[in-house]
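Each remark here refers to the structure printed beneath this line.
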Ligand code: AQP
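Residue numbers (this note's numbering): 21 to 349.
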C-alpha cells in the first residue's frame with residue numbers, strides 16, 4: 021500500500037509563484053508515488069477578516085488551479101476543508117491538548133496579529149486546526165514550503181504527546197517534504213520577506229493568474245543589487261539569488277549551471293529569460309484554469325473528494341474521541 025501525504029493551501033487570495041514553487045508543484049510531482057490528499061483550507065483563511073463573496077470566489081479559483089497545475093482527481097483526493105466537518109471537530113480536541121504558550125510562539129500568529137487591529141481567537145488557535153488537518157489523513161509526509169517548518173514541528177510534538185498518553189499507534193507522526201529549490205520564495209520588492217499571496221503590494225508577488233505583460237514587468241522591476249555579476253549569494257545578492265532559485269525550480273536545473281550560464285551576461289538578460297520561463301510555465305496552467313473555472317466538472321470533483329475525505333477523516337476522529345473518553349456508545 022502507498023504511503024499517504026496531505027497538504028493544503030488557503031484561498032486567502034490567488035496563489036503566488038511562491039505557493040506554486042514551495043508546495044503546489046510538489047503536489048503534482050508526488051501524486052504518483054503517494055496516496056495524496058489535497059485540501060483547500062478555507063477555514064484557515066477566516067482567521068483574518070475576509071469578504072465572504074471574495075472568499076467563495078477564491079475557493080473555486082484555488083480548486084480550479086489545483087486541477088489546472090495537473091493534480092489528477094483520479095489519483096488524488098481534492099476537497100474543500102469546510103465540507104469535511106471532522107476538521108473543525110478534531111480542532112477542538114487538539115485545542116484542549118495544546119498549551120497557550122505553544123500557540124503564542126508561532127511566528128505566523130505574531131506576524132499576522134501585528135497587522136490586525138482586533139485579533140480573533142482563531143488566529144491564535146489555528147495551529148490546532150492545522151495539526152488536525154494533517155493527522156486526520158494519517159499523513160506520513162507533508163509537502164510544504166519552509167515557512168511551515170514550525171507548524172510541522174508542532175504537529176510532530178503533538179503526535180508524540182498524544183500517542184504517549186493514549187496509546188502508541190493512534191496517530192501517525194508526519195515528516196515534511198521541502199522542494200529542492202525555492203522552499204522559501206522571497207518578495208520581489210523586499211528579499212528579506214517571503215512572497216505572500218495576501219501582500220497588498222502587487223509588485224512583491226507574481227500571482228498564478230498574472231498576464232504575461234504583468235509578469236515581465238514585475239520581474240524587470242524586482243529588487244537586485246549594484247554588483248552586476250550573476251552569482252548565487254544569499255547574503256550579498258539576496259534579490260538576485262531569489263530569482264535564481266525561481267529559475268532553478270521552474271527549469272529543474274541546478275543553481276550552479278544557471279550561474280555558469282548567466283555569470284557574465286548581466287541582470288537584464290537573466291531577468292528577461294526568467295520572465296519568459298515563468299510565462300511558459302504559467303500560460304498553459306492558465307489556459308486549463310480558464311476551461312475549468314467555467315465548468316460544472318469542478319463541483320463534481322470536489323463532491324467526490326469531500327465524500328472520500330469524510331470517510332477517512334471520520335475514522336480518525338472516532339479513534340481520537342474514543343481514547344479521550346467522549347464517545348460513550
Ligand atoms: N514564499 C513562499 N515560498 C515557498 N513556499 C511558500 N508557501 C507560501 N509562501 C511561500 C507555501 O505555500 C503553501 C500554502 O500556503 P498557505 O496558503 O497555507 O499559507 P501561507 O504559508 O501563509 O502562504 P501565503 O502565500 O503567505 O498566504 P497568506 O498571505 O494568506 O498568509 C504552504 O505549503 C507554504 O509553505
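Virtual Cβ for every residue (Gly too), placed ideally from N, Cα, C.
Candidates 108, 28, 147, 242, of which the one nearest residue 205 by Cα
Per the Cα distances, 242.
Please name the residue, chosen from 117, 152, 118, 95, that lies closest to residue 61 on a Cα-to-Cα basis.
Per the Cα distances, 152.
6 Å CB neighbourhood of residue 267 in its chain, flanking five on each side removed:
Taken in chain order, the residues that qualify are 278, 294.
What do you reckon, is the C-beta of residue 39 under 8 Å from a heavy atom of ligand 1?
For residue 39, the shortest separation between its Cβ and any heavy atom of ligand 1 lies below 8 Å.
Euclidean distance between Cα positions of residue 298 and residue 269:
The alpha-carbon of residue 298 is positioned some 10 Å away from that of residue 269.
Can you look up residue 331 in the DSSP assignment and give me helix, strand or coil?
Note: residue 331 maps to helix in three-state DSSP.
Got a sec: does ligand 1 put a non-hydrogen atom nearer than 8 Å to the Cβ of residue 71?
No; taking the cut-off as 8 Å, the Cβ of residue 71 has no heavy atom of ligand 1 nearer than that.
Range covered by the beta strand (DSSP E) that runs through residue 145
Membership of residue 145 in any beta strand (DSSP E) is not indicated; the residue belongs instead to the alpha helix (DSSP H) covering 141 to 156.
In this structure, does DSSP put residue 259 in helix, strand or coil?
Helix.
Taking Cβ positions only, does residue 321 come closer than 9 Å to chain B?
No chain B appears in this structure, which consists of one protein chain only.
Starting from the N-terminal side, write out each stretch of the alpha helix (DSSP H) that is 4 residues or longer and does not extend beyond the region 211 to 287.
With a minimum length of 4 residues, the continuous alpha helix (DSSP H) runs that stay inside the region 211 to 287 are 232 to 240, 258 to 271, 275 to 282.
Short of 6 Å in beta carbon distance, which residues of its chain neighbour residue 199, apart from the five on each side in sequence? Order them along the chain.
The residues are 46.
Which of the three DSSP states is assigned to residue 41 in this structure?
Looking at residue 41 - three-state DSSP - the assignment turns out to be helix.
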